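Residue numbers (my numbering), protein chains in the order written: chain U, 335 to 692; chain S, 335 to 692; chain B, 335 to 692; chain F, 335 to 692.
Idealized CB from N, CA, C, for every residue including glycine.
A quick note: this is a predicted structure, and the numbers were derived from the prediction, not measured.
Protein chains: 4
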Amino acid sequence: MNSTWGKNIRISLFGESHGECIGIVIDGVKSGIKLDNEYITKMMQRRAPGKTKFSTPRAEEDVYQIKTGVLDGVTTGAPICCIIENSNTKSGDYENLKSLMRPGHSDYPAYVKFGGFNDVRGGGHFSGRLTAPIVFAGSICRQILKDMGIEIVSHISEIAGINDDVLDEAKLNDYMNLTNETFPVINKAKGEEMKEAIENARMDQNSVGGVIECVVSGINAGIGNPIFHSVESVISGVMFSIPAVKGVEFGAGFDIAKMTGSDANDEYYYDGSDVKAYTNNNGGVIGGITNGMPVKFRVAIKPTPSISKPQKTVNVKTGENDEIVVQGRHDPCIVPRAAVVVESAAAIAILDLILEDR
Amino acid sequence: MNSTWGKNIRISLFGESHGECIGIVIDGVKSGIKLDNEYITKMMQRRAPGKTKFSTPRAEEDVYQIKTGVLDGVTTGAPICCIIENSNTKSGDYENLKSLMRPGHSDYPAYVKFGGFNDVRGGGHFSGRLTAPIVFAGSICRQILKDMGIEIVSHISEIAGINDDVLDEAKLNDYMNLTNETFPVINKAKGEEMKEAIENARMDQNSVGGVIECVVSGINAGIGNPIFHSVESVISGVMFSIPAVKGVEFGAGFDIAKMTGSDANDEYYYDGSDVKAYTNNNGGVIGGITNGMPVKFRVAIKPTPSISKPQKTVNVKTGENDEIVVQGRHDPCIVPRAAVVVESAAAIAILDLILEDR
Amino acid sequence: MNSTWGKNIRISLFGESHGECIGIVIDGVKSGIKLDNEYITKMMQRRAPGKTKFSTPRAEEDVYQIKTGVLDGVTTGAPICCIIENSNTKSGDYENLKSLMRPGHSDYPAYVKFGGFNDVRGGGHFSGRLTAPIVFAGSICRQILKDMGIEIVSHISEIAGINDDVLDEAKLNDYMNLTNETFPVINKAKGEEMKEAIENARMDQNSVGGVIECVVSGINAGIGNPIFHSVESVISGVMFSIPAVKGVEFGAGFDIAKMTGSDANDEYYYDGSDVKAYTNNNGGVIGGITNGMPVKFRVAIKPTPSISKPQKTVNVKTGENDEIVVQGRHDPCIVPRAAVVVESAAAIAILDLILEDR
Amino acid sequence: MNSTWGKNIRISLFGESHGECIGIVIDGVKSGIKLDNEYITKMMQRRAPGKTKFSTPRAEEDVYQIKTGVLDGVTTGAPICCIIENSNTKSGDYENLKSLMRPGHSDYPAYVKFGGFNDVRGGGHFSGRLTAPIVFAGSICRQILKDMGIEIVSHISEIAGINDDVLDEAKLNDYMNLTNETFPVINKAKGEEMKEAIENARMDQNSVGGVIECVVSGINAGIGNPIFHSVESVISGVMFSIPAVKGVEFGAGFDIAKMTGSDANDEYYYDGSDVKAYTNNNGGVIGGITNGMPVKFRVAIKPTPSISKPQKTVNVKTGENDEIVVQGRHDPCIVPRAAVVVESAAAIAILDLILEDR
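Below, the structure is given as structure tokens:
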């Protein structure tokens with residue numbers, strides 16, 4: 335097990351979907367920061383379930399309780415422990431999970447790794463619910479980054495094959511409202527198409543996936559490291575920690591593989607005294623280090639594995655082939671709720687990198 | 335700076351492209367392993383430059399010298415230090431690099447981070463040449479993995495938009511010869527097309543990129559971790575440490591985002607007493623942990639940034655816009671040589687993960 | 335800040351003396367262990383305040399609540415979060431601490447490090463109260479170690495210059511009852527003298543210190559590492575994490591510096607098929623690695639800095655010299671309560687080392 | 335194995351006493367530092383063997399070769415690899431070490447841990463010779479610390495029970511010449527007595543140990559961490575990495591255990607605008623954090639285990655009790671050469687701590 339991450343900001347995640355609570359300890363936040371609880375709450379609500387018909391009907395309030403490290407609303411420099419109680423659990427739904435392994439879920443790998451002792455209720459420690467504390471921690475990191483002039487914005491780039499408009503880095507300020515939305519798209523008409531596709535999947539007892547595109551603006555050149563612990567290594571590491579993520583690409587990503595060098599290279603120029611690039615095919619990172627352009631990356635998210643259609647699987651108790659129909663309340667598409675998780679995980683990674691170079 | 339990686343296998347990379355040497359220290363290799371030097375040499379040669387007309391004419395022999403940690407050819411358990419001397423350096427080529435920042439290269443980010451003190455000759459510590467020690471370390475890890483029944487194979491999935499055949503996981507044994515090749519493709523005709531595209535790029539003073547697909551077979555279910563330090567997190571971390579990598583995806587990767595849940599989920603069945611899946615859209619990893627299917631991932635590599643065409647850039651000495659024509663000897667496509675680097679980096683990551691669960 | 339420790343067992347400590355709670359997250363405990371809550375409670379009670387007249391009258395029940403990682407009393411493999419609520423806080427006692435720096439306390443160093451934002455109530459995150467979660471975590475580790483045949487015993491070697499008898503390693507089984515005691519000494523008469531010295535100090539509004547001697551028996555040869563992360567490095571690291579510890583020595587410790595080599599060397603012999611040593615001047619560790627003899631070390635603990643006598647100090651608000659009389663409820667000697675803390679911290683360190691070599 | 339250390343300054347140690355070379359990689363040294371090679375050489379010579387009759391006649395020049403990370407004498411920010419070749423090895427002396435375990439040496443623990451594959455020649459990776467690269471790395475760190483106004487001085491506090499004068503912290507500037515000496519004592523007459531005791535031990539085919547006292551001056555208040563990674567934890571961790579160290583104490587150390595609180599507490603006062611303490615019983619560290627007083631600690635070093643007297647031991651090849659007479663060239667007392675090692679290891683630890691708080 336390894337639910338601890340970070341070098342300069344260290345987080346330790348704990349909890350299970352249907353246990354008493356979930357939570358996080360954040361070690362390394364400097365003292366004297368007045369936490370913006372309104373902002374944190376707003377971010378938590380973007381992730382919280384039950385807010386739209388596209389998400390699971392399990393309505394958790396996700397009220398976070400800061401237990402330590404904050405006095406009179408101001409960080410003390412001591413570790414911040416935050417707990418979110420699980421209020422709306424229906425564990426009865428999951429009883430047969432100890433024997434029938436849900437396809438696409440962690441059930442079987444976790445069964446092998448933990449010898450069947452893992453908490454299977456609602457996915458236990460593997461639940462997407464564990465991203466709530468990540469949003470909490472990320473929101474604090476974002477507040478610190480904002481004070482440095484760094485903003486993180488994301489949008490739903492794709493759902494069910496339907497694409498949003500491309501985010502124009504030159505107009506990042508125009509997109510700041512996206513960070514307030516529960517379904518952040520640039521092109522609202524495309525957003526409606528996506529919603530329709532999600533609804534169709536739900537009616538079909540199925541699910542759909544998508545892609546989140548995320549941009550970090552205002553970050554100076556010179557942040558990161560060559561080779562190991564490159565900006566891409568650190569960001570991809572936290573992105574692949576988000577359940578259901580199966581791909582991460584920076585800048586032009588997989589498309590850069592089709593370009594020629596003369597097209598792919600981002601040529602530089604002076605914009606006043608600042609060095610800028612005409613293009614950003616490298617996503618703001620070269621040689622593992624930021625070049626002053628926005629850090630841009632895309633994250634592929636698989637369709638929710640919890641579907642009500644019958645599926646073939648194995649029964650590890652009987653040792654025989656079997657069939658499963660997953661009951662319970664599930665999102666037909668987790669991509670909208672994942673946007674703020676991607677932003678938050680990015681914030682943690684970026685702050686950790688910046689503190690390395692302070 | 336942060337050229338140290340790993341938890342159970344710890345590697346520390348050092349050296350510069352045109353300095354005295356490059357090398358690596360590997361800490362955590364168990365005692366009593368008789369190193370297969372023929373195998374290590376073969377892998378090193380797959381990466382070494384100057385072997386084909388598709389790679390840089392800089393002909394380095396890449397002779398590795400094991401300085402410590404091995405006695406009479408057998409590991410002692412003490413750290414293994416390996417040094418590769420730089421024999422064929424032409425540093426005169428790079429003199430103007432201190433002022434003119436090459437687009438697509440680490441020059442500008444490194445200039446900012448290191449205040450101009452970084453060794454710019456041949457890219458210094460950022461050079462692709464630093465992957466040679468990674469191949470050395472990875473080859474030792476691969477030898478250990480082989481003894482556990484784990485094989486790592488890769489092929490060039492794409493160069494300049496030309497695609498190789500898909501690697502059929504069910505026939506992995508048929509592809510083992512790929513690990514002996516300097517231009518590993520399944521479909522030789524497609525390989526010839528790729529070579530032609532590379533040659534065309536070279537004649538055009540340009541470069542092309544591509545994609546490496548890599549498969550790890552024989553790995554048990556239950557390896558890895560939920561959330562942080564998932565198999566995907568750890569593998570993507572080392573992949574994005576390889577210069578020029580801009581994307582990493584597992585299983586169906588970005589395509590899984592277009593699927594429905596019922597298509598994406600890998601249904602299980604018993605194959606005798608073994609649990610298998612009918613498909614492998616998750617690339618052998620679910621919930622951050624292996625499910626017993628081959629671990630499969632693809633890595634996007636950008637076109638070599640070193641091109642002889644004139645490019646716009648900044649001159650950090652004069653503070654003015656300028657133009658650069660990159661001289662020196664360069665690969666028009668590094669993808670073929672990158673295959674063994676991807677395999678080697680994967681080996682280090684996989685062994686580190688397995689030792690965690692021993 | 336850095337309240338995270340460990341490689342194979344990772345602990346993350348949080349909380350403040352007079353805040354809402356204190357607690358710990360333990361990551362890396364294997365699944366399937368049925369926790370012995372009676373044992374954990376017994377160990378917690380040995381440390382808890384208010385149990386004897388020698389300790390602070392602040393009577394905390396120190397009831398631990400396991401929030402995560404345990405299902406039906408059995409570990410799941412997920413991180414274990416334990417919280418201990420602070421029930422008996424009298425923060426009014428400490429109001430002037432923001433300006434008057436208590437000598438011997440963390441007040442002034444913490445004031446500088448955290449810019450005055452640290453929680454000063456009861457010492458905040460620096461309080462000896464933070465050792466309660468360490469005892470909780472250590473008790474779980476001890477349970478795991480017991481299953482491997484490893485026992486940890488300590489006694490009060492010295493208080494106020496009064497020495498207990500020397501612990502005879504050859505008769506370790508005779509001392510196991512010490513782990514049930516709140517005032518663990520071998521020679522009860524000496525123990526009475528110590529208690530008298532403590533009582534005298536209390537009457538004199540003063541305090542006294544002492545030495546804990548700890549022995550780890552049943553540990554195999556071959557555990558640990560050369561150079562960094564030697565057994566001594568790892569154990570001393572956690573011992574010096576316990577507030578008030580100012581010295582750590584192994585085996586003959588500082589006395590070995592006065593010996594000749596022929597006296598200091600522990601000569602070996604076969605005891606049946608087992609290798610044993612006639613003496614244990616090296617405290618069971620040579621070259622950073624266990625040699626099969628009991629690991630033995632001593633820990634020096636300074637007198638409680640909280641004394642009611644007037645002391646000279648600075649007032650950081652006025653910037654002037656001042657005087658302080660520390661109010662509040664304090665132990666005249668923390669050594670008796672520290673014994674179980676030393677044992678627990680040792681258990682965490684030893685388990686981390688053993689897991690490295692599994 | 336675990337020869338890697340550090341968070342902000344990361345060092346990776348390699349090599350064997352009688353192999354080809356020993357060396358170190360240092361990752362995290364900032365760019366732009368002009369290395370003071372004269373200073374480094376001087377420090378290396380203080381540790382080098384064969385300089386006095388009190389040390390082993392094995393005369394190694396200990397010429398360090400900086401292979402990477404330095405260009406034109408200035409650090410580039412890339413990892414610094416330093417290699418020291420072994421020139422004067424007489425491995426024939428050690429042939430029987432594979433079966434006869436030398437008492438007091440790492441032979442037996444290493445034999446068990448590494449299954450007999452470890453390099454036993456001259457102690458292999460466990461040799462005190464491995465401290466040479468630590469002096470190299472420490473000397474670079476010291477140069478950086480000097481630029482911050484931090485000086486590290488040590489003296490031989492005790493050899494064979496003979497004590498040097500106490501180092502008066504208030505007159506640290508008077509002691510700076512100690513850092514140039516191969517036998518650093520304050521009281522030269524006492525130094526002669528110590529030398530006589532060493533010579534007597536040598537004539538008697540025996541050895542003696544001692545204590546090094548070390549002081550770090552000029553360090554600001556506010557450096558370090560509560561609980562884990564306290565200044566004492568970090569410094570003791572590297573001290574116990576030095577072969578033969580068996581005890582570490584800070585300030586009054588084990589003597590503080592005999593004091594009352596009113597004597598032990600270091601009362602504060604303003605010295606102009608600076609906070610000072612009248613005494614330094616806490617060795618400059620309280621609550622794990624520096625208080626602005628010099629950091630002071632003492633290190634107990636056992637007598638050299640290599641003695642020519644016959645000793646009882648086991649023969650692991652025959653499985654029988656046996657006797658050994660250790661041949662070869664050895665120091666009758668390593669304490670004088672250890673002084674610069676203690677200073678160097680302290681420098682690495684202190685710089686790592688300071689970078690944490692930058």
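- For F/K610, the uninterrupted beta strand (DSSP E) run begins and ends at 608 to 611, by DSSP.
- Bounds of the beta strand (DSSP E) holding S/L347 are 344 to 349.
- Fewer than three pairs of CB atoms, one per stretch, sit closer than 8 Å, so the stretch 616 to 623 of chain U makes no contact with the stretch 651 to 669 of chain S.
- Cβ contact annotation for B/A494 (same chain, cutoff 6 Å, sequence separation greater than five): A531, V542, in chain order.
- Secondary structure at U/D396: coil, using DSSP grouped into helix, strand and coil.
- Scanning chain F for C-beta atoms nearer than 7 Å to the C-beta of B/M593 yields G543, P637, reported in chain order.
- Setting aside the 5 residues that flank it on each side, F/L506 is surrounded in the same chain by S551, each with a C-beta closer than 6 Å to its C-beta; the list follows chain order.
- Within chain B, the C-beta atoms nearer than 8 Å to that of F/H439 come from I620, G621, in chain order.
- S/H459 belongs to the set of residues whose beta carbon lies under 8 Å from a beta carbon in chain U.
- Its Cα nearest to that of S/C415, the residue S/T402 stands out among S/G384, S/T402, S/H489.
- If you ignore the 5 residues before and after S/K636, its C-beta comes within less than 7 Å of the C-beta of G543, A578, K580, all in its own chain and listed in chain order.
- S/K522 sits in a helix when the DSSP states are folded into three classes.
- Counting only unbroken stretches of 3 or more residues, the beta strand (DSSP E) elements lying wholly within the stretch 488 to 569 of chain U are 544 to 551, in sequence order.
- With contacts defined as CB atoms closer than 8 Å, F/N521 and F/D499 qualify as a contacting pair.
- Interface flag for B/K643 against chain F is set, since a Cβ pair is found closer than 8 Å.
- Distance from the CA of B/F584 to the CA of B/F451, rounded to the nearest whole angstrom, comes to 38 Å.
- B/D597: member of the alpha helix (DSSP H) spanning 595 to 598, first to last residue.
- Membership of S/P644 in the beta strand (DSSP E) is indicated by the continuous run 644 to 649.
- S/N625 belongs to the set of residues whose beta carbon lies under 8 Å from a beta carbon in chain U.
- Taking 8 Å as the CB threshold, F/L431 stays off the interface with chain S.
- Taking a beta-carbon distance threshold of 8 Å, S/F448 counts as an interface residue toward chain F.
- Between B/L369 and B/T409, the gap from beta carbon to beta carbon is short of 8 Å.
- The residue among U/G411, U/D453, U/N430 with its C-alpha nearest the C-alpha of B/D453 is U/G411.
- Taking all protein chains in view, the Cβ of B/Q645 is crowded by 16 or more other Cβ atoms within 10 Å, so the residue is classified as buried.
- Counting only the Cα atoms, F/R380 lies some 11 Å from F/E677.
- In the three-state reduction of the DSSP assignment, S/D361 falls in the strand class.
- Each of B/D406, B/G384, B/K376 was checked against the Cα of B/Y398, and the nearest Cα belongs to B/K376.
- Residues F348, G349, C415, C416, I417, I418, P467 of the same chain have their beta carbon placed closer than 7 Å to that of S/G357, with the five preceding and five following residues left out of the count.
- Secondary structure within the stretch 444 to 482 of chain U: the alpha helix (DSSP H) runs of 4 or more consecutive residues, fully enclosed, are 465 to 481 (chain order).
- Scanning chain S for C-beta atoms nearer than 9 Å to the C-beta of U/T338 yields F562, H563, reported in chain order.
- Residue range 371 to 381 is occupied by the alpha helix (DSSP H) that includes U/E372.
- When the beta-carbon positions are compared, B/S575 and F/I557 stay at least 8 Å from each other.
- Of the residues assessed, F/G340 falls on the buried side of the cut-off, its CB having 16 or more other CB atoms within 10 angstroms.
- One Cα belongs to U/V572, the other to U/Y509, and the distance between them is close to 24 Å.
- Of the residues assessed, F/T338 falls on the buried side of the cut-off, its CB having 16 or more other CB atoms within 10 angstroms.
- In chain order, K401, T402, C415 make up the part of chain F whose C-beta sits under 9 Å from the C-beta of S/C355.
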